[in-house]
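Chemist: Residue numbers (the working numbering), protein chains in the order written: chain A, 12 to 341; chain B, 46 to 372.
From the three backbone atoms N, C-alpha and C, an ideal C-beta is built for every residue, glycine too.
Remember, it's a predicted structure, so these values are computed and weren't measured experimentally.
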Ligand SMILES: Cc1ncc(C[n+]2csc(CCOP(=O)(O)OP(=O)(O)O)c2C)c(N)n1
Ligand SMILES: [Mg+2]
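1) CA-CA distance, residue 250 of chain A and residue 24 of chain A?
2) In the DSSP output, what is residue 218 of chain B paired with across the bridge?
3) Using DSSP with H/G/I as helix, E/B as strand and the rest coil, what is residue 56 of chain A?
4) Is the number of C-beta pairs between the segment 79-88 of chain A and the segment 54-71 of chain A that are closer than 8 Å three or more?
5) List, from N- to C-terminal side, the alpha helix (DSSP H) runs of 4 residues or more that fit wholly inside the segment 212-295 of chain B.
6) In the DSSP assignment, what are the bridge partners of residue 179 of chain A?
7) Under 9 Å between C-beta atoms, does residue 348 of chain B make it to chain A?
8) Could you list the residues in the segment 49-76 of chain B with a C-beta less than 8 Å from some C-beta on chain A, going in chain order?
9) Can the beta-carbon of residue 204 of chain B be found less than 9 Å from the beta-carbon of residue 241 of chain B?
10) Looking at C-alpha atoms only, which residue of B/256, B/328, B/290 is the closest neighbour of residue 25 of chain B?
11) How long is the line joining the alpha carbons of residue 124 of chain B and residue 78 of chain B, rounded to whole angstroms?
12) Once the 5 residues before and after residue 84 of chain A are set aside, which same chain residues still bring their CB inside 8 Å of it?
13) Looking only at DSSP bridge pairs, what is residue 47 of chain B linked to?
14) Using the beta carbon as the reference atom, which residues fall closer than 6 Å to any heavy atom of ligand 2, ordered along the chain?
15) Using 8 Å as the Cβ pair cut-off and three pairs as the minimum, do the segment 109-126 of chain B and the segment 204-213 of chain A touch?
16) Please name the residue or residues paired with residue 335 of chain A in a DSSP beta bridge.
17) Against chain B, which members of the segment 247-258 of chain A pass a CB distance test of less than 7 Å?
18) Quick check: does the Cβ of residue 124 of chain A come within less than 8 Å of any heavy atom belonging to ligand 1?
19) Could you name the residues of the segment 155-173 of chain B whose beta carbon sits closer than 9 Å to any beta carbon of chain A, in the order they occur along the chain?
20) For residue 214 of chain A, which residues does DSSP report across the bridge?
21) Would you say the beta carbon of residue 332 of chain A is closer than 8 Å to some non-hydrogen atom of ligand 1?
22) Applying the criterion that 16 or more other CB atoms from any shown protein chain within 10 Å of the CB defines a buried residue, is residue 183 of chain A buried or exposed?
23) So is residue 341 of chain B in contact with chain A if we call contact Cβ pairs under 9 Å?
24) Alpha carbons only, please: which of A/156, A/19, A/139 is nearest the one belonging to residue 6 of chain A?
25) Just to confirm before moving on: does the CB-CB distance between residue 135 of chain B and residue 147 of chain B stay below 9 Å?
26) Please list the segments of the beta strand (DSSP E) lying wholly inside the segment 74-121 of chain B, counting only runs of 3 or more residues, in order along the chain.
27) Just to confirm, is the Cβ distance from residue 308 of chain B to residue 225 of chain B under 9 Å?
28) Return yes when at least one heavy atom of ligand 1 lies under 8 Å from the C-beta of residue 390 of chain B, else no.
29) From residue 452 of chain B to residue 287 of chain B, what does the alpha carbon distance come to, in whole angstroms?
30) Is it the case that the CB of residue 75 of chain B approaches a heavy atom of ligand 1 more closely than 8 Å?
31) DSSP three-state call for residue 120 of chain A: helix, strand or coil?
32) Short of 7 Å in beta carbon distance, which residues of its chain neighbour residue 102 of chain A, apart from the five on each side in sequence? Order them along the chain.
33) Please state if the CB of residue 283 of chain B and the CB of residue 315 of chain B are separated by a distance shorter than 9 Å.
34) In chain A, which residues lie less than 9 Å from residue 313 of chain B when you measure between Cβ atoms?
35) May I ask you to report which of helix, strand or coil DSSP gives residue 209 of chain B?
36) In chain A, what lies closer than 9 Å to residue 100 of chain B by C-beta?
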């Protein structure tokens, strides 16, 4: 990976971290409501994989922990934050919320709240790609615990038999809310579960964005070249509770300490400093710029945007003016 | 009689029933070590151990089916589905098996499972976490559906549901677990069928269930204080079967009915009660019955839109005033 790309990823991971931590504050200030699931600690996963793909061209779909994936696909952080603030300028006009960021223009096909729901949707998007003859792929990011839904197994099977261009990325952070993976799952290494479907799979360190990037390149090359689905397991850790209503009480402090030493941002930063590609001061300047951008642009935009109009309540229940629905087309 | 919280009442019923019968067990996501999202199983893991207080994988249809299978052998599982929105995933086993197996086996098998799950709109949880599903469950023959509105009912209904030989779905509410109320100190089994008069009145009947009972009660206070209308409030804690007799009795007394539901109107509790009134006591009516329901929309995230989507106390008052020609 060349130096410029490393620096870009460093900046983007740091932006993601600062964005998420600012969401935390806004939630405490009651500017953001509902459920809020933060991605802090897991940045290298979305960044490494989507960097290796063609953001805005390839399709991405994920769960409720979705802000960072959306931004990496090219969505404006301002409209993501405005959505969290439930404002009219939000990407879903305030109808969706944190768990349901959508940016179809950027081919970010949404965040979904039901665990396991996106597995078949991703296979379906891949089916659509295939039928329309495009060279895109679909990338589905989901957690480890989601793999215990039937949809995981059903989707892998269908994706394989129909040779669909879908990359499943498992962000294995070892927990599904408060339940540790070994208490809920017979086979802890998720990539092994996939072998039953004759789909190639790999497990790599999800805290090192270079490793993620390299593994994703290989995976994406496989999928894009028409060889069918691929499964990539990234070993990672979330720093915060499952959502804002979770205190993390079930985790050992020692485990948290161990993972914090493998922080994806610090890991890359140390490497860049050691190689003389960036100085501490340069990094601090980047950070200051990011903090200012988030405060002066992203947050300000969200704060100053108007509430959605009440007319929206009934607007998107069904599509508008469908002549087949109304009978006007005959 | 002690005043306890709703979740404590549910926890107490679990505890007593598990102590009473070694074949009673409970399972669900994060109910064991963590004690449950709403604390309904707090402390039970330490007391009864992992064989009887089971943290499940996220496999709703799977563990619900497993619970049903064990009930064929006489086990009495109490299954917690973390939110009714996730219960959609378990409907196959609930509807295709639990509700039908006694019938299609010619009475050979029973499925005495209890499934508890909170629904309703809470605080801005968005479209996929705000379902109100009671109307779906109550439409399925072979399944009992109850929905407690206070800690006493939560305790007494769960106790009876565990002992009952039918599958019982208990529809709770995310916003009600910290609500306080009196629960008898002595063991108490509430009948799964029937309704309760939560406030007597003579001018109009307000039908509510679960959280809408509170909207009805508070609307009744306002109607009495400001408008000289004496409303009766009926708490329909059993949604399947509905208490036809109780509905008829009250409407025959007040001659007017308003049904208050948190869900969208179509094919709902209100529609069903109107049909029952039609069938049981149409000629007792002084005015066409009305229903106060949610907007027919998925629930939006924005707070103001969310509030506009579901009914409130003022909507109930307004409906009654309209019925009396006072608006
Ligand atoms: C069908 C369904 N069941 C349960 C839940 C509640 N729930 C939300 S997230 C979650 C844990 C998911 O863990 P994992 O898939 O590992 O993703 P992570 O949150 O760790 O990123 C659970 C149980 C849900 N949202 N949907
Ligand atoms: Mg996880």
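Modeler: Concretely, from the data shown:
1) The straight-line gap from Cα to Cα measures roughly 14 Å.
2) Bridge partners of residue 218 of chain B: B/164.
3) Here DSSP, grouped into helix, strand and coil, assigns residue 56 of chain A to helix.
4) The segment 79-88 of chain A is in contact with the segment 54-71 of chain A.
5) Listed in chain order, they are 257-272.
6) Beta-bridge pairing links residue 179 of chain A to A/151, A/242.
7) Closer than 9 Å to some Cβ of chain A, the Cβ of residue 348 of chain B qualifies, so yes.
8) When C-beta distances to chain A are compared with 8 Å, the residues of the segment 49-76 of chain B below that value are 74, 75, in chain order.
9) Contact: no.
10) For chain B, the structure presents residues 46 to 372; residue 25 of chain B sits outside this window and is missing.
11) Near 16 Å, if we compare the C-alpha coordinates of residue 78 of chain B and residue 124 of chain B.
12) So the qualifying residues of the chain are 61, 66, 67, 71, 114, 117, 118, 119.
13) Note: residue 47 of chain B sits in a beta bridge opposite B/228.
14) Working through the chain, the matches are A/154, A/155, A/156, A/184, A/186, A/187.
15) Short answer: they don't touch.
16) Answer is none; residue 335 of chain A lacks a bridge partner.
17) For the segment 247-258 of chain A, which is checked against every Cβ of chain B, not one residue is closer than 7 Å.
18) At least one heavy atom of ligand 1 lies less than 8 Å from the C-beta of residue 124 of chain A.
19) Flagged, chain order: 167, 168, 169, 170, 171, 172, 173.
20) Residue 214 of chain A is bridged to A/244.
21) No, the beta carbon of residue 332 of chain A sits no closer than 8 Å to any heavy atom of ligand 1.
22) Burial state of residue 183 of chain A is buried, judged by a 10 Å Cβ sphere holding 16 or more other Cβ atoms.
23) For residue 341 of chain B, a Cβ of chain A is located within less than 9 Å of the residue's own Cβ.
24) This structure gives no information on residue 6 of chain A, because the portion of chain A shown stretches from 12 to 341.
25) No, they are not a contact pair.
26) Restricting attention to beta strand (DSSP E) runs no shorter than 3 residues, the segment 74-121 of chain B encloses them at 98-100, ordered along the chain.
27) Contact: no.
28) Outside the displayed range of chain B (46 to 372) lies residue 390 of chain B, so it cannot be described from this structure.
29) This structure cannot settle anything about residue 452 of chain B, because the visible part of chain B is limited to 46 through 372.
30) Checking the 8 Å criterion, the Cβ of residue 75 of chain B is within range of a heavy atom belonging to ligand 1.
31) Strand, per DSSP.
32) The beta carbon of residue 102 of chain A is closer than 7 Å to those of 86, 90, 91, 94, 112, 113, 114 in its chain, skipping five residues each way along the sequence.
33) No, these two residues do not count as a Cβ contact at 9 Å.
34) Listed along the chain, the chain A residues whose CB falls inside 9 Å of the CB of residue 313 of chain B amount to none; the nearest CB is some 16 Å away.
35) In the displayed model, residue 209 of chain B falls within coil according to three-state DSSP, outside both helix and strand.
36) Within chain A, the residues near residue 100 of chain B are 189, 190, 194, 195.
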